[in-house]
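Number of protein chains: 4
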Amino acid sequence: MNTTPSSPAPDVIRSAYAQLVVTDLAKARWFWVDMLGFYVQYEDAHSLYLRGTDELTHHSLVLRQGETAALDHIAYRVRTPEDVDKAARFFRALGRPVRRIPAGEGTRGLGDAVRVLDPLGFPVEFFYDIERAERLIQRYDIRHGAEIARLDHFNICTPDVPAAYAHYESLGFGCSETIEGDEHELYAAWMYRKQTVHDVAFTGGAGPRLHHLGVATHESHQVLRCADIFGSLGKEQHIERGPGRHGVSNAFYLYLRDPDGHRVEVYTSDYYTGDPDHETYRWNVRDDRRRDFWGNAVIESWYKEATPVLDLEGRLCPVGEAQLDESTAAVGADGLG
Amino acid sequence: MNTTPSSPAPDVIRSAYAQLVVTDLAKARWFWVDMLGFYVQYEDAHSLYLRGTDELTHHSLVLRQGETAALDHIAYRVRTPEDVDKAARFFRALGRPVRRIPAGEGTRGLGDAVRVLDPLGFPVEFFYDIERAERLIQRYDIRHGAEIARLDHFNICTPDVPAAYAHYESLGFGCSETIEGDEHELYAAWMYRKQTVHDVAFTGGAGPRLHHLGVATHESHQVLRCADIFGSLGKEQHIERGPGRHGVSNAFYLYLRDPDGHRVEVYTSDYYTGDPDHETYRWNVRDDRRRDFWGNAVIESWYKEATPVLDLEGRLCPVGEAQLDESTAAVGADGLG
Amino acid sequence: MNTTPSSPAPDVIRSAYAQLVVTDLAKARWFWVDMLGFYVQYEDAHSLYLRGTDELTHHSLVLRQGETAALDHIAYRVRTPEDVDKAARFFRALGRPVRRIPAGEGTRGLGDAVRVLDPLGFPVEFFYDIERAERLIQRYDIRHGAEIARLDHFNICTPDVPAAYAHYESLGFGCSETIEGDEHELYAAWMYRKQTVHDVAFTGGAGPRLHHLGVATHESHQVLRCADIFGSLGKEQHIERGPGRHGVSNAFYLYLRDPDGHRVEVYTSDYYTGDPDHETYRWNVRDDRRRDFWGNAVIESWYKEATPVLDLEGRLCPVGEAQLDESTAAVGADGLG
Amino acid sequence: MNTTPSSPAPDVIRSAYAQLVVTDLAKARWFWVDMLGFYVQYEDAHSLYLRGTDELTHHSLVLRQGETAALDHIAYRVRTPEDVDKAARFFRALGRPVRRIPAGEGTRGLGDAVRVLDPLGFPVEFFYDIERAERLIQRYDIRHGAEIARLDHFNICTPDVPAAYAHYESLGFGCSETIEGDEHELYAAWMYRKQTVHDVAFTGGAGPRLHHLGVATHESHQVLRCADIFGSLGKEQHIERGPGRHGVSNAFYLYLRDPDGHRVEVYTSDYYTGDPDHETYRWNVRDDRRRDFWGNAVIESWYKEATPVLDLEGRLCPVGEAQLDESTAAVGADGLG
């Protein structure tokens, strides 16, 4: 796979939104809006445009009704309109499929965008222009459920983590943390543009697949509250793993599965990474605190299951096998070894 | 005032409910139900019967529509039906007005009750029998606002705190904490039957008046959330004092005023007092941490304003002047000295 | 087993303290004092007397150096000195071993006590008199670790849960919650004297063994903090299960194992049970929320391992086999079925 | 005052550290280290170098023993070594005093730096190079007191807020929020380089003076804990204002005064500002929620008192009078109008 770009990278600001295909929009609305607390910015019979209550742009999550549950695309915001063009040239130079999506023809609320199938096989959009939305930051009166404040990150499954690392490095991402073997084999990596631990992370495994979306709350009691509400309704089967404290990122977390099986992480309290010489922190794959700081075992489904992705024509992408399997390497925390 | 009883005291279990007269039931519903999170057990055009989500009996707060905002009565639950009779005899022996209220004629959900005007001039009810209500303890899905779990205590203004102390002692109440002058003049006292810091407390001041109802949440973040929601709606004028940490009781608190000016304290995290030899903890009136452990000044309205009370015929009781004035004695915390 | 008493039961106030035999006092001190935050009321070369910072009596936990890790005894406080005598007569009438322990000859800080081997085979002490200790309730400056406020309960393993239930009922304990089979076979029960969910609970299993001591914090963030500190030190193997929310009791919990394998539950936020007609809440053994409200699986060791108990002569008691095995009956939450 | 730069601005990363002169280093150590939880990176007889537990560079606070309590300087980190030179040229072009401080001659842990007296009269340092320090992010075992994670911002008093705004705008700072009069007179502004609400804010008032340093915790319960510890020790007089929720920034806050009167704000939970088109949010000076979202009055000392600053020769700078006085304009929240 050629990941050495011959065209300058766009200036990516942050992970901006994901579009998921869900098979039952009403059930998805229950999960993401009623339970997680996303705010509905727009909805019609076929789609929901959602944002967290700290977000000031039109949406950070689009749910689109469809036949097969899948990731339609993830999207990064770039710094200027010119960076959208840069993104197109960057991926064309890599020989990847690229599609221009003029304002009004693609996702509601966006201006001109570019959608590509990146070297890892993921459908990724780059855009600058997005409608601003009413400030809800202090609308405690409409907060409910998990009180999601904003999208935090994408976590993707890819068979070749070093290639994913190299690709995102070429896009200007920094690396905050890794999980590595004794010979520095890369099992997982967390990479960022905004000043948090990550905008994107790679979980070694069959891919391209979406492992999860990470969404942020302000404090840990909101994470507990979310789990409690699922229990109250007898919907505890949506809770897959946690709550717990991550070793990597130090965030407090809870993994949920939506009615289609899409995984979401409710996530809070990581740390600042904005200094220019921020160093990567490296975990050994056999440290049982790396994925749960308290040593609690990782559920097998968390390692094995993920969301398929669509290509630019909306067809399911074929999935390649994992090269290194952390769930086998791992001992304590995973209980799978 | 004769407070030496010649008849045995009823076995009081706990502060059980209060009935307030409100002048606008819709506005009161907004405050107590929407904002504080009380659950509506019953409502009609003239009244609201409310309880916290941990409470298993029919109500802990009755709001009754009326001309003049007032306290109709406070009520204690007793251990057995016979204790209701004991209460009647106890107050008759004191020469106080006593009224029997057969089941079905008084407050909805109650069995036979006795209502008295106690030696302090307060309308007080004693009952044993009360309807049980559906368990909501784990209904996190319906919690909202301040997420009130239960009624905790009554705080009453009385000109003669030593007399109030003696009266409640004769009813078998223990004393957890006091505020005293250098010569042990009693400025305030906290007295309990259930195993918390108090079921009733006395604030020296013109009385009989109701200073506030104390209602409990599980954790302090719920108290903060409550204040935040008032701010969101531009209703911050309902916040009178706090949030803060009490010296007395060590509880975390927030004082609010309802649309009629009735004061309520959202209260959490006091301590166990159930041992038979539990000792009274005494604060000096000049310790600026006694009312706010962080030394923040007490708002003047908090010392001066309170809810008038009704007698057994529903007429406003005349108010006697304070004998000792803590707000004058006080130095630091109060900013009033 | 004869559990019908012919002598009146003592008036038990609450679960008061436990004495554990630990094999390395220094390691035990690290765990209970440094990590959990217990306050050292007294220590010498052979023993540690500890209490939580809300506790006003001399100790709630005694750690005694010994050869074999075991429970020496659990202890209940009774209402009056006469209740100590009542306890002696009560257990003698049941034909159980009873030993008087005069003040000064038994546990430091206590007055006259009675120690018995109860019908379930557990070493249990009853006492009234205990030294008072300095008030630490507001000593936030010395709080550390898990910031344990007080002992909350004992949880004991017994092969015959209905017999345990009957015995404690005869001692005047109420029952807040149970786990039952479809035919109301009793798998577990939570019983109380103080106004919380329990002073003692029974886990069906080989016994007599101590399943765990439950110790209370004020809020859930203190429980998370405790787990985080274990992770920081690479001592996450002391974390056995949780943090999580219980179905039974609704408390937020974390189970830890001390250096000798004694299990302790850090526990917060249950509910008031003090009304005279408080009803038992019954969970079906197949409800996967009963032991974890979020449906997380119970670790196998949690069901299988426990602390042996000593008889009145200090010898290890033989252990009887379980009659009903919840870990087999259970499906979802336990992952053991 | 000339604030139009003729030389390009350095690329500022963030507010990086402050150096305070304290008159009693031992007392200052108690406050900042024991009570606030700063980590001591280095200390000698005359100085303390401190950082929060999330910080990965040598220090974010330097306390220097001296005769007169003052601000020695604030410091910003820039993106590259060249930006240090740019800073020198930028301020020279403005005709301001500029001093080069070679590595080893200035603040411990730093490389080459430039110190200037900026157009507002403040001593400000710019540096790129700083020693890295051991990662403490997950050292929950050494956290204590307020558990400060990192420096968040500087708040400075200046008589001419519009001039301060223009100066920092010329340095490339964005503006997240303002307090304005009806005619958009600028009373206060919050400006940022890192992706939070601010690195620096201006409080209209006599200046140049340092209003406060803002230091961040992860969650609000850590702020409460900090206040509680001050109360425990009878040191509640160090608590000046709060805890409370800000209108501006939405952060949860507590203002403390150190033994020399230097003000520090413990601050948590603001929001992301990293998007290129982030818009300024404007508060009217008469909205009583702007400084406390709950409408609590601002203490007069908070408006009136501040720390004097030193010039590049270490002499106290003269203080100019305020031009607009928010404390007079203000109505509700301030109680000063």
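Residue numbers (this note's numbering), protein chains in the order written: chain Z, 1 to 337; chain S, 338 to 674; chain D, 675 to 1011; chain G, 1012 to 1348. Ideal Cβ positions, reconstructed from N, Cα and C, are used throughout, including at glycine. Since the model is a prediction, treat every value here as computed from it, not as a measurement.
Under three-state DSSP, which class holds S:Ala659?
Coil, per DSSP.
Would you please verify whether the beta carbon of Z:Asn284 is less than 7 Å from any beta carbon of chain G?
It does not; no Cβ of chain G falls within 7 Å.
Taking a contact to mean a Cβ-Cβ separation below 7 Å, would you say Z:Arg92 touches Z:Val84 in this structure?
No; because the gap between Cβ atoms is not below 7 Å, this pair is not in contact.
Residues of the region 137-169 of chain Z in Cβ contact with chain G at a cutoff of 8 Å, in chain order, please.
For the region 137-169 of chain Z, which is checked against every Cβ of chain G, the residues closer than 8 Å are Ile137, Gln138, Ala149, Arg150.
Going by DSSP in three states, G:Ile1085 sits in which element: helix, strand or coil?
The answer is strand: DSSP assigns G:Ile1085 an E or B state.
Which same chain residues end up closer than 6 Å to G:Gly1346 when comparing Cβ atoms and leaving out the 5 residues on each side of it in sequence?
Note on G:Gly1346: pLDDT 35, under 50, position unreliable in the model; the coordinate value appears next. Contacts found: Ala1308.
With three or more C-beta pairs closer than 8 Å as the rule, is the region 582-595 of chain S touching the region 605-615 of chain S?
Result yes; three or more Cβ-Cβ pairs closer than 8 Å.
Excluding the five sequence neighbours on either side, which residues of its own chain have a C-beta within less than 6 Å of the C-beta of Z:Glu177, listed in chain order?
Trp190, Val248, Tyr281.
Between the Cα of Z:Lys235 and those of Z:Leu310, Z:Gly214, Z:Arg257, spot the shortest distance and give me the residue it belongs to.
Ranking the options by Cα distance to Z:Lys235, first place goes to Z:Arg257.
Whose Cβ in chain S lies nearer than 7 Å to the Cβ of D:Tyr892?
Position check: residue 892 of chain D holds His in this sequence, whereas Tyr was assumed. Near D:His892 (Cβ distances below 7 Å), the residues of chain S are Ser606.
Please identify the residue among G:Leu1335, G:Leu1321, G:Asp1336 whose C-alpha is closest to the C-alpha of G:Pro1329.
Of the candidates G:Leu1335, G:Leu1321, G:Asp1336, the one whose C-alpha sits nearest the C-alpha of G:Pro1329 is G:Leu1321.
Return helix, strand or coil for G:Ala1020, following the three-state DSSP convention.
Three-state DSSP puts G:Ala1020 in coil, outside helix and strand.
What three-state label does DSSP hand S:Ala564 in the structure shown?
It is helical.
Measure the C-alpha to C-alpha separation of Z:Leu316 and Z:Thr307 and round it to an integer number of angstroms.
Roughly 10 Å between the two C-alpha positions.
At a cut of 8 Å, does the region 676-696 of chain D reach the region 476-486 of chain S through at least three beta carbon pairs?
They do not touch, by the three-pair rule.
Please name the residue in G:Arg1236, G:Ala1175, G:Leu1105 whose C-alpha comes closest to that of G:Pro1219.
That would be G:Ala1175, whose Cα lies nearest to the Cα of G:Pro1219.
Who are Z:Tyr192's beta bridge partners in DSSP?
In the DSSP output, where bridge partners are listed per residue, Z:Tyr192 has Z:Gly174.
Note down the Cα distance separating G:Ile1167 from G:Gly1225, rounded to an integer number of angstroms.
Roughly 11 Å between the two C-alpha positions.
At a Cβ threshold of 7 Å, is Z:Arg54 touching chain G?
What sits at residue 54 of chain Z in the sequence shown is Asp, not Arg. At least one chain G Cβ lies under 7 Å of Z:Asp54.
Need the endpoints of the alpha helix (DSSP H) that G:Arg1040 sits in, please.
Start and end: 1036-1040.
Taking the beta carbon of G:Ala1029 as the centre, do at least 16 other beta carbons fall within 10 Å, making it buried, or is it exposed?
By the neighbour-count rule (16 or more Cβ atoms within 10 Å), G:Ala1029 is buried.
In the DSSP assignment, the alpha helix (DSSP H) including G:Val1044 goes from what residue to what residue?
Run containing G:Val1044: none; DSSP gives neither H nor E here.
Could you please give the first and the last residue of the uninterrupted beta strand (DSSP E) stretch that includes S:Ser384?
Counting along the chain, the beta strand (DSSP E) containing S:Ser384 begins and ends at 384-388.
What whole-angstrom Cβ distance do S:Arg291 and S:Asp612 have, given they're in contact under 8 Å?
Residue 291 of chain S is absent from the model: chain S starts at 338 and stops at 674.
Below 8 Å CB to CB, which residues in the same chain sit around G:Ala1081 once its five sequence neighbours on both sides are set aside?
Cβ neighbours of G:Ala1081 beyond the five flanking positions: Leu1031, Val1032, Thr1318, Pro1319, Val1320, Leu1321, Leu1327.
Please decide whether S:Ser569 counts as near chain Z, where near means a Cβ-Cβ distance under 7 Å.
Chain Z contact via Cβ: present.
Going along chain G, which residues have a C-beta under 9 Å from S:Trp631?
Result: Ala1238, Asp1239, Phe1241, Gly1242, Glu1247, Ile1250, Gly1253, Pro1254, Leu1265.
Could you say which of Z:Glu185, Z:Ile130, Z:Cys226 lies nearest to Z:Gly109 if we only look at CA atoms?
Answer by Cα proximity: Z:Ile130.
Under 7 Å, do Z:Ala16 and Z:Arg96 count as touching if we go by C-beta distance?
Going by C-beta atoms, Z:Ala16 is not nearer than 7 Å to Z:Arg96.
Is there at least one Cβ from chain Z nearer than 7 Å to S:His558's Cβ?
So, interface residue.
Check the Cβ-Cβ distances between G:Lys1097 and every residue of chain Z, and say whether any is below 7 Å.
No, G:Lys1097 lies away from the interface with chain Z (no Cβ there is under 7 Å from its Cβ).
Counting only Cβ pairs nearer than 7 Å, list the residues of chain G close to S:Arg331.
This structure gives no information on residue 331 of chain S, because the portion of chain S shown stretches from 338 to 674.
Please report the straight-line C-alpha distance between S:Gly598 and D:Thr870, rounded to a whole angstrom.
Taking the straight line joining both Cα atoms gives about 34 Å.
Using beta-carbon positions only, say whether S:Pro499 and S:Gly657 come within less than 7 Å of one another.
No.
For D:Lys701, which residues in the same chain have their Cβ closer than 6 Å to its Cβ, ignoring the five residues on either side in sequence?
Within the same chain, D:Lys701 has close Cβ partners Pro933.
Should S:Gln532 be flagged as near chain D, meaning a C-beta pair shorter than 7 Å?
So, interface residue.
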